[in-house]
Amino acid sequence: MAETVFGRRALLGTAVAAGALAAGATTAACGGAPTARTDYARSMDRSVELAREMLQVSPDGKDLKLAYLRTLIDTGLPKTTAPKRVLVIGGGPAGLTAATLLADAGHDVTVLEANASRTGGRVKTFRGVFTDPALYAEAGAMRLPSAHPMVLALADKLGLRRRQFHNADVTPEARSAAVTPVAYRSFTGEEWTNGPAAEFRPPGAAGRTLINTNGRIVSRAEYAGNPAAVHAGFGVDLSTTARAALDQALHEVAVPDDWPIDRKIDSWAKVFNAYEDYSTHRYLMEHGWSLSHLGAVGTLENLTSRLHYGVISAMVDHALIRPDASYWELEGGTATLTDALTRNLGPAVRQGKRMTRIEQNDRGVKVWTTAETGSEITDGAPADPIESFEGDYAVLAIPLTAARFCTFDPPLSYPTRRAITELHQDAATKVLLEFKTRFWEQGPAGFRGGGCVSDCPNRFIYFPSHVPESDGGVVLSSYTWSDDAMRWDSLTDSERVHFALAGVRRIFGPRVDAEFTGVGLSQSWQRARYALGEAVIPTPGQLHEHHAATRTIEGRIHLAGDHTSLKPAWIEGALESAVRTALEVHNR
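Here the sequence shown stands for residues -28 to -1, 1 to 560, numbered as in mature numbering (1 follows the signal peptide of the UniProt record, and there is no 0).
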């Protein structure tokens, strides 16, 4: 018998609605709100800091996003009259962008990148490895939301070509929307754009990708027309789609976009303070969800493996990237962005230099590096030569997990050491398969782009939005996070390909075996020797306790990376940190 889902507040009534929070209420209409702890780590002061960071508002009320856009795209840093020697550790988007800004301002910059084969960090594009040499696929970042103006504008500034990423599938003959200029409207009323206004007209979603759960396969259009039929397989009576149910639950604490900025800061601070210790599981259960409800929505929205993480991250993502957001991709792969930054820096980028130790005193910093045997994807170990580099300041733009294996002399502050040691770094794994033809585009039910969802180990399967001048295509045949990903991580590369193909076969039938070219690749970010994980996703309590320490200035060392922002796992967060640290160093 299906289990009925009651209203969000009907059972426990512990939610604190955004309106009540904004009004300063301490209890919800139907029950007591979570009690804020009195220690500083849980104080409203810290919550206000987080709210300001989320909304990119400086302590004096200025729009940091607008200022960062102007610095990154329009003006750069002012030319220096006192050049500094700056060591940037890490050649990902944050390190490369900070180095570019500082070098363009006249500073003497050296980028030390551990990976001898490429730069980019978790921006990685597989090229030249498929039977069709024109094909490529993303091992890391693959889509750029319209809500992220810095990365879109930087791509435009570098002369890269954007095109629409179809997060939802379209018909094979549909034409992608024309590329529109990047536009940002500040809460101050000011507008920033890199071109004349143009209307964005994306093609409508086809709804032909498939949902495979509980032995039943339906199209997304069929699911949207009768979601209860799919949900019945989970034992839950739910008549709205999983996405609509999740949006509604998170919307209960959302703050309206049209509120004055001071009111938005106050409201978000109260949300952060109230729910910092909540996991997503706890939040939804206390909003009246049943376990069956969690199972259905978790499976269909790729939420199950992250239910134990802090709900604040889900709230922030939901607020900053709306469900109807559009997405872009870069022709030639996302790595064209970091490749362009690397080329522009030229010999300032030193690859194969893995930092093992950094010293600082009142005169400067000194960094020791080693080379390494093996490649990025093979076994290796530190090797000679051991080299040292000296500078006036350092920008540390490597993952916290990588910093854990470095020696700092003198030691970093205790809060920063705790953040490096304790902040949760999530896992993410992709398995990519090449097919001779794009069979999914064929026939009356054909589609392009978008993704299928399954309750088999593959979980999510994404299809390419554009494959010019090729008959075939590369399918992201399994995309998993957290515990789902770690199960794939335990397999060998060949086993990952085998089981990923089996999951595709369950949805599309045995024809996939004849279509498979035999080329399959996988990327485990948890087992990547320079990344040591996909991104920081805080567990309950960690955001208030550790986030501030990730961006603390440690003497002559400045900390950068997407983990220092409230947009972890997004290039936009890395770029925000790059401009922040470049300004910090430049203004010393």
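Even for Gly, the Cβ is constructed at its ideal location relative to N, Cα and C.
Remember, predicted model here, so these are calculated numbers, not experimental data.
Given a cut-off of 7 Å, decide if residue j and residue i are closer than it, judged by their beta-carbon atoms.
{"i": "GLY62", "j": "ILE370", "result": "yes"}
{"i": "THR314", "j": "THR91", "result": "yes"}
{"i": "ALA86", "j": "GLU441", "result": "no"}
{"i": "GLY100", "j": "GLY64", "result": "no"}
{"i": "ALA77", "j": "LYS51", "result": "yes"}
{"i": "HIS530", "j": "GLU548", "result": "no"}
{"i": "HIS396", "j": "THR252", "result": "no"}
{"i": "VAL123", "j": "ARG134", "result": "no"}
{"i": "ALA521", "j": "THR388", "result": "yes"}
{"i": "VAL469", "j": "GLY445", "result": "no"}
{"i": "THR160", "j": "ASP35", "result": "yes"}
{"i": "THR489", "j": "THR103", "result": "yes"}
{"i": "ALA472", "j": "SER450", "result": "yes"}
{"i": "LEU384", "j": "GLU517", "result": "no"}
{"i": "LEU132", "j": "THR308", "result": "yes"}
{"i": "THR401", "j": "ASP461", "result": "yes"}
{"i": "ARG477", "j": "VAL484", "result": "yes"}
{"i": "TRP231", "j": "LEU38", "result": "no"}
{"i": "GLU110", "j": "THR306", "result": "yes"}
{"i": "HIS519", "j": "LEU372", "result": "no"}
{"i": "SER360", "j": "LYS338", "result": "yes"}
{"i": "ALA146", "j": "PRO168", "result": "no"}
{"i": "LEU182", "j": "MET287", "result": "no"}
Starting from residue i, follow the beta strand (DSSP E) in both directions and report where the run begins and ends.
{"i": "TRP98", "result": "One point to set straight first is that residue 98 is Phe, not Trp, in the sequence displayed. From DSSP, the beta strand (DSSP E) with PHE98 extends over 97 to 99."}
{"i": "LYS51", "result": "Premise fails: LYS51 is in no beta strand (DSSP E) and is neither H nor E."}
{"i": "TYR195", "result": "Careful: TYR195 lies outside any beta strand (DSSP E), inside the alpha helix (DSSP H) at 192 to 197."}
{"i": "PRO330", "result": "It is worth fixing the name first, because residue 330 is Ile in this sequence and not Pro. It spans 326 to 333 - the beta strand (DSSP E) in which ILE330 sits, taken as one unbroken run."}
{"i": "TRP453", "result": "445 to 453"}
{"i": "PHE137", "result": "134 to 137"}
{"i": "ARG294", "result": "Run containing ARG294: none; DSSP gives neither H nor E here."}
{"i": "HIS530", "result": "529 to 531"}
{"i": "LEU473", "result": "LEU473 -> not in any beta strand (DSSP E); alpha helix (DSSP H) instead, spanning 465 to 480."}
Please determine, among the options, the residue with the shortest C-alpha to C-alpha distance to residue i.
{"i": "VAL20", "options": "GLU273, ARG235, TRP412, SER347", "result": "ARG235"}
{"i": "ARG173", "options": "VAL484, PRO153, VAL425", "result": "PRO153"}
{"i": "MET327", "options": "GLY197, ALA417, ASP356", "result": "ASP356"}
{"i": "LEU538", "options": "HIS120, THR213, LEU68, ALA149", "result": "HIS120"}
{"i": "MET16", "options": "ALA246, ALA111, ALA286", "result": "ALA246"}
{"i": "SER211", "options": "HIS223, ARG157, ALA268, ALA177", "result": "ALA268"}
{"i": "PRO144", "options": "ARG528, VAL484, MET458, HIS438", "result": "HIS438"}
{"i": "GLY48", "options": "GLU25, SER360, GLY324, THR72", "result": "THR72"}
{"i": "SER285", "options": "ILE543, ASP32, VAL508", "result": "VAL508"}
{"i": "MET458", "options": "PHE435, GLY481, SER496, PRO482", "result": "SER496"}
{"i": "GLY336", "options": "ALA500, ASP381, ALA217, PRO175", "result": "ASP381"}
{"i": "SER262", "options": "TYR281, GLY207, HIS280, GLU359", "result": "GLY207"}
Start and end of the alpha helix (DSSP H) containing residue i?
{"i": "TRP340", "result": "Looking at the DSSP string, TRP340 is not in any alpha helix (DSSP H); the run it does join, the beta strand (DSSP E), is 336 to 344."}
{"i": "ALA366", "result": "No alpha helix (DSSP H) contains ALA366, which is instead part of the beta strand (DSSP E) from 365 to 368."}
{"i": "ARG90", "result": "Taken as a continuous stretch (DSSP letters only), ARG90 belongs to no alpha helix (DSSP H), as it is neither H nor E."}
{"i": "VAL551", "result": "543 to 558"}
{"i": "ALA70", "result": "65 to 76"}
{"i": "TRP240", "result": "233 to 247"}
Tell me, to the nearest whole angstrom, how far the beta carbon of residue i is from that of residue j; I am working on the premise that it is less than 8 Å.
{"i": "ASP81", "j": "LEU74", "result": "It should be pointed out that residue 81 corresponds to Val in this sequence rather than to Asp. Confirmed, Cβ separation roughly 5 Å."}
{"i": "VAL95", "j": "THR310", "result": "5 Å"}
{"i": "GLY423", "j": "PHE432", "result": "6 Å"}
{"i": "ALA291", "j": "ALA353", "result": "About 44 Å separates the two Cβ atoms, so there is no contact after all."}
{"i": "PHE419", "j": "ALA178", "result": "5 Å"}
Is residue i a contact residue of the ligand GTP, with contact defined as CB to any heavy atom under 6 Å?
{"i": "PRO482", "result": "Among the components modelled here there is no ligand, and therefore nothing to report on the ligand GTP."}
*Between the region 185 to 192 and the region 202 to 209, do at least 3 Cβ pairs fall closer than 8 Å?*
Verdict: yes, contact present.
*Taking 8 Å as the threshold, find out whether the region 377 to 393 comes into contact with the region 237 to 248 through three or more Cβ pairs.*
Remark: fewer than three beta-carbon pairs, one from each stretch, lie closer than 8 Å, so the region 377 to 393 and the region 237 to 248 are not flagged as touching.
_Three-pair Cβ contact test at 8 Å for the region 118 to 131 versus the region 401 to 408_ = As far as the Cβ criterion goes, the region 118 to 131 does not touch the region 401 to 408, which means the pair count is below three.
*Is it true that the region 366 to 380 meets the region 52 to 69, where meeting means three or more beta-carbon pairs spaced less than 8 Å apart?*
A contact exists between the region 366 to 380 and the region 52 to 69.
*Assess, as a yes-or-no matter, whether the region 498 to 506 is touched by the region 462 to 469 under the definition of 3 or more beta carbon pairs within less than 8 Å.*
Contact annotation: the region 462 to 469 does not touch the region 498 to 506, with fewer than three C-beta pairs closer than 8 Å.
_Would the region 290 to 302 count as touching the region 104 to 118 if we require 3 or more Cβ pairs under 8 Å?_
Touching, per the Cβ criterion.
*Evaluate the contact criterion for the region 315 to 326 versus the region 272 to 283: three or more CB pairs, one atom per stretch, below 8 Å.*
Output reads no: the region 272 to 283 does not touch the region 315 to 326.
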